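Undergrad: Residue numbers (the working numbering), protein chains in the order written: chain V, 1 to 88; chain H, 1001 to 1754. Glycine included, each C-beta is placed from N, C-alpha and C at the ideal position. Model, not experiment: these values are computed from the prediction. First, the structure itself, so that you have it in front of you.
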Amino acid sequence: MRLTATSIQLEALRNGENGTVVEIAAGEATAKRLADMGFVRGGRVEMLRSGRPCLVRIGQTCIGLGREIQKVILLDREDLTLDSRESD
Amino acid sequence: MGQSLPVHTPLRTHVVALVGNPNTGKSTVFAALTGIRQHTGNYPGVTVEKRSATLNDPERNLKLEIVDLPGTYSLSVHADDEAIVLDALLGSHGMGPRPDVIVAIVDASNLRRNLFFTTQVLELGQPVVVALNMVDIAEHAGIAVDAKALAKELGVAVVPIVASKGEGIEGLRDAIAQAIVGEPSNHCQAFPDCVCAELDGLCASISQSDASGSPGSARAQAIQTLLAPGGYHESKLVERCGLGFAEELAERRNRIKEAGESVVEVEAQVRYAWIDRVLPNVVSQIKQSRRSATETADRFLTHRVFGLLVLIILMGGCFQSIYAWSAPLMDAVDASFSAIGNVISHTMPAGALRSLMVNGIIAGIGSILVFLPQIVVLFFFLAILEDCGYMARAAFLLDRWMALLGLNGKSFFPLLSSFACAVPGILAARTIESRRDRMVTIMIAPLMSCSARLPVYVLLIAAFVPPVALLGGIINLQALTLLAMYSIGAVVAIPIALLLKKTVLKGKAQPFLLELPTYKWPSPRTVFIRVYEQGREFCVTAGTIIFAVTVVIWALGYYPRPASIAAAHQAQRDALTAQFESAIASGDVPEIQRRELRATYAKEISRIDQSESGAYLRQSILGRMGKFFEPVVRPLGWDWRIGTGVIAAFAAREVVIGTLGTIYNLGEDQDETSVGLRNQMKAATWDDGTPVYNFPVALSIMVFFALCCQCAATLATIQRETRSWQWPVLAFAYMTGLAYVAALATYQIAIRFT
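What follows is the structure, given as structure tokens:
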């Protein structure tokens, strides 16, 4: 798991947690593909089911993401929220 | 809008292109507009299916050609399938005419992401109609979309529809008719200044090299080239304009980076920012958002344990039904074709024409249609699973397991289907977007043990594998052999897939990224059309080939017909008849004895007939080929008769049993349970009197059949799906080679242990 001072990999989210995208640290092809699907800076991503592949929600879309992709989507470390539905 | 052009020739065919994200119900809209009058072809040079249909609309005095383009999330793409979308929309070289109207299909329940692509399409400078599909699902989820407000924001007509129920389709037709005579869309997103400057400069360069394009198309190409580094359009333009263009691109991108913008992200940022500004005016939450039914179902259905369990049960049920439902139909097809053959045998005079009719044509058509029930049932299940949205969940669940085999979650269904028949399996591989994964799947699909191999296993196992109990009676050797034959292809497929990916199908792995669409009830109409279409395709592609090859094999086994064989057998028959007539002629033979004599006579005559057809086959071209190849098949433990059967089986593996039946003078109507054939095979000996068949020989034949590509229909389907001869030739070569080597190893090892 790669952690920097301010960001955390999508992979590190637990079920129900969500965060804000700060960077897509991928090659140009993958970065463009992700950006066009809505993974842009400032977008909110919710982890529905962690694992490989994981299941996330972005906007109204549920998307399955392979391991490589989970590593390149970096979220704001300060801005993680635990979904209240899952907290009990 | 609605402004008529002064000169409008009413019956020119107007081209209407359907575009949209995946899972927006695009095919359903296509079907709702066109019915089942469509025809499929391919775009030149790529393996992408082109679906189109021509329809007359007398009400509006229009003739339309509707083209269904592949679903895509963006115009800037890296994959083959999606790459053709922009080319087709711009009417680039070889892609057919530029469409007169573009219909952008949008999922009302997922407007934000869908509008990204819509805004790209709106900038092409062509008339556009937005079809707002699945408004019922959106409402169910508590989302109301104001179509009028959306139309105002986008500047084009927006038609709410529910394509699966046919609602709103007339309105869509009206909007298309109006758009044909209407203005092109002039929607344009404002990029940051630094990006705009570079886009304008690039537009000029593109227009220079291609004067035919419209301003809108130059701008769209500029965006999809400049902002998608390493993408399809970049390589296309660099190829056309030379390396100077590549340098120009690099410089422009550098300037954008220096100005502090991200080349790959800026387009998404601009468009999503616009969408987020517009959406509040268009969408209202009519119900309190709660966890949707889809999400609740997915908590269970995508679970690593429960989800997989459901999947396994579901698949088991499907396959059980495929065999249970299609078995009576297959028997009926089989029986009716034998009956037709019989009728013809008894009504037509003997000779080449009758033999061609019965053993070539009727048998050929029968061998196609016998697989149709199974394939139709299989497609029926696949269409339901696909249409309700479950297929994506299955791919999600299986991805990590398929990844171990170097494959993709989406390869599972094509491979599973191939256990029934490789042809529908190869057709089902179309759903795999990554070309590399699709090619690997197509190449290993014929290794799965299809139902045509089963009769060969059954015959040989019953005759030559002793029913020895193993492991204290838990399993016997016969069942174990059958299981081994069923799994050998699938096991061998793993290293083959990995090898293909390291050699002829090199490339970078596509990262797994798959949308799980909202669950919905499958639409009977969509399911019906898909089953009909694929069933028809099977009959056309596989059917014509199986048919043609069956006729060729018939001819090889029929000719030449030397008069000496006929004369010798006729002499035997004449002698027998004379003997019978003299025996029966004397008046004092009691009735019981007469009946016995008659029965014996009939039996003897048919024995002579069978011996005659056996004699013909042995010296036919096919028989000679078998003898010619005997040295080649000798190390596998086979004699020329097995070789002949195997050669005949290269057209379609199931004919081997009939061919062996003829060689052993038993007539052609032998099946895997025939005791006669079993006994003849057991009795067959080499010249020195040792039996031909034994356990090692039976094993080597079965291994050969398990791995060999003895199916012309499969090869024809691979050719059709890949639009090249390279792949079917490779499939044939590697499978035949593999089968030979494996059968050789099996035999040589087995004789040392028995």
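Comparing alpha-carbon positions, which option in H:Pro-1192, H:Ala-1509 and H:Pro-1070 lies nearest Ser-1052 (chain H)?
TA: Closest by alpha carbon: H:Pro-1070.
Undergrad: With which residues is Cys-54 (chain V) paired in a DSSP beta bridge?
TA: For Cys-54 (chain V), which the question treats as bridged, DSSP gives the partners V:Leu-65.
Undergrad: Considering Val-1343 (chain H), what are the terminal residues of the alpha helix (DSSP H) in which it resides?
TA: Note, Val-1343 (chain H): alpha helix (DSSP H), 1306-1347.
Undergrad: Taking Gly-59 (chain V) as the reference, give the member of V:Leu-13, V:Glu-46, V:Pro-53 and V:Gly-51 with the closest Cα.
TA: Nearest option by C-alpha distance: V:Glu-46.
Undergrad: Along the chain, where does the beta strand (DSSP E) containing Thr-1013 (chain H) start, and where does it finish?
TA: Residues 1013-1020.
Undergrad: Going by CA-CA distance only, name the one from H:Val-1741, H:Ala-1583, H:Ala-1259 and H:Pro-1696 that's closest to Glu-1596 (chain H).
TA: Cα-wise, what sits closest to Glu-1596 (chain H) is H:Ala-1583.
Undergrad: May I have the straight-line CA-CA distance separating Ile-1494 (chain H) from Glu-1261 (chain H), to the nearest angstrom?
TA: About 45 Å.
Undergrad: Beta carbon of Leu-1477 (chain H), beta carbon of Val-1465 (chain H): below 9 Å?
TA: Yes, they are a contact pair.
Undergrad: Under 8 Å Cβ-Cβ, which residues of chain V neighbour Leu-1115 (chain H)?
TA: Those within 8 Å of Leu-1115 (chain H) in chain V number zero; the least Cβ separation is about 11 Å.
Undergrad: Check for me: the beta strand (DSSP E) holding Glu-1591 (chain H) runs from which residue to which?
TA: Premise fails: Glu-1591 (chain H) lies in the alpha helix (DSSP H), 1591-1619, not in any beta strand (DSSP E).
Undergrad: Go through its chain and collect everything with a Cβ distance to Gln-1003 (chain H)'s Cβ below 6 Å, but skip five positions before and after it.
TA: The pLDDT assigned to Gln-1003 (chain H) is 49, lower than 50, so where the model puts this residue is not dependable, and the model offers no usable value.
Undergrad: Going by beta carbon distance, what residues of the same chain come within less than 7 Å of Leu-1480 (chain H), once the five residues before and after it are set aside?
TA: Same-chain partners within the cutoff: Leu-1470.
Undergrad: Can you tell me which of H:Asn-1056, H:His-1303, H:Asp-1136 and H:Thr-1746 puts its alpha carbon nearest to the alpha carbon of Cys-54 (chain V)?
TA: Per the Cα distances, H:His-1303.
Undergrad: Tell me whether the beta-carbon of Ala-1104 (chain H) lies closer than 9 Å to the beta-carbon of Val-1130 (chain H).
TA: Going by C-beta atoms, Ala-1104 (chain H) is nearer than 9 Å to Val-1130 (chain H).
Undergrad: Could you check what DSSP says for Glu-1065 (chain H) in three-state terms: helix, strand or coil?
TA: Strand.
Undergrad: Mind checking who Ser-91 (chain V) pairs with in its DSSP beta bridge?
TA: With chain V represented from 1 up to 88, any question about residue 91 (chain V) goes unanswered, as that position is not in the structure.
Undergrad: Who are the near neighbours of Leu-1385 (chain H) in its chain, counting only those whose CB is closer than 6 Å to its CB and skipping five residues on each side?
TA: Met-1391, listed in sequence order.
Undergrad: Along the beta strand (DSSP E) that carries Pro-1160 (chain H), what are the first and last residues, could you check?
TA: First-last of the beta strand (DSSP E) with Pro-1160 (chain H): 1157-1160.
Undergrad: Based on the DSSP secondary-structure assignment, which residues constitute the bridge partners of Thr-20 (chain V)?
TA: Partner(s): V:Arg-44.
Undergrad: Secondary structure at Ile-1749 (chain H), three-state DSSP: helix, strand or coil?
TA: Helix.
Undergrad: Just list the residues that DSSP pairs Gln-1285 (chain H) with in beta bridges.
TA: Beta-bridge pairing links Gln-1285 (chain H) to H:Ile-1143.
Undergrad: Expressed to the nearest angstrom, what Euclidean distance is found between the alpha-carbon atoms of Asn-1110 (chain H) and Leu-1730 (chain H)?
TA: Going from the Cα of Asn-1110 (chain H) to the Cα of Leu-1730 (chain H) covers about 43 Å.
Undergrad: CB-CB under 8 Å to Arg-1525 (chain H), same chain, minus the five flanking residues each way: which ones, in chain order?
TA: Hits under 8 Å: Thr-1028, Ala-1031, Ala-1032, Ser-1164 and Gly-1166.
Undergrad: Buried or exposed for Met-1348 (chain H), please, with buried defined as at least 16 other CB atoms from any protein chain shown within 10 angstroms of its CB.
TA: It counts as exposed.
Undergrad: Please list the partners that Leu-55 (chain V) has in chain H, where partner means a Cβ-to-Cβ separation under 8 Å.
TA: Chain H residues near Leu-55 (chain V): Asp-1298, Thr-1302, Phe-1396 and Leu-1516.
Undergrad: Who are the Cβ neighbours of Glu-1198 (chain H) in its own chain at under 7 Å, not counting the five residues just before and after it?
TA: Taken in chain order, the residues that qualify are Leu-1226, Arg-1252, Arg-1255 and Ile-1256.
Undergrad: Could you check how far apart the C-beta atoms of Val-1270 (chain H) and Phe-1191 (chain H) are, in whole angstroms? I think they sit under 8 Å.
TA: Between Phe-1191 (chain H) and Val-1270 (chain H) the Cβ distance is about 6 Å, and since that is below 8 Å, they are a contact.
Undergrad: May I ask you to report which of helix, strand or coil DSSP gives Val-1101 (chain H)?
TA: In the structure shown, Val-1101 (chain H) sits in a strand (DSSP, three-state: E or B).
Undergrad: Tell me, which residues are paired with Glu-1515 (chain H) by DSSP?
TA: Its beta-bridge partners are V:Ile-63.
Undergrad: Using the Cβ count rule (16 or more neighbours within 10 Å means buried), how would you classify Leu-1249 (chain H)?
TA: It is buried - the Cβ of Leu-1249 (chain H) has at least 16 other Cβ atoms within 10 Å.
Undergrad: When DSSP labels each residue in this structure, what does Leu-1055 (chain H) get in the three-state scheme?
TA: Correct three-state label for Leu-1055 (chain H): strand.
Undergrad: Give me the residue from H:Gly-1360, H:Ser-1092 and H:Cys-1203 with the minimum Cα distance to Phe-1337 (chain H).
TA: Phe-1337 (chain H) has its Cα closest to that of H:Gly-1360, out of H:Gly-1360, H:Ser-1092 and H:Cys-1203.
Undergrad: In whole angstroms, what is the alpha-carbon distance linking Thr-1754 (chain H) and Pro-1696 (chain H)?
TA: For Thr-1754 (chain H) and Pro-1696 (chain H), the distance between alpha carbons rounds to 8 Å.
Undergrad: 9 Å is my cut-off, CB to CB: does Met-1001 (chain H) come that close to chain V?
TA: Residue placement at Met-1001 (chain H) is poorly supported in this model, since its pLDDT is 44, which falls under 50; the coordinates still yield a value, given next. It does not: the Cβ of Met-1001 (chain H) has no partner Cβ on chain V nearer than 9 Å.
Undergrad: So, using beta-carbon positions, are Arg-1453 (chain H) and Ala-1706 (chain H) closer together than 9 Å?
TA: Yes. Within cutoff.
Undergrad: Quick one: residues in its chain with C-beta nearer than 7 Å to the C-beta of His-1187 (chain H), no 5 flanking neighbours on either side, listed in chain order?
TA: These residues qualify, in order along the chain: Thr-1119, Leu-1122, Glu-1123, Leu-1154 and Gly-1155.
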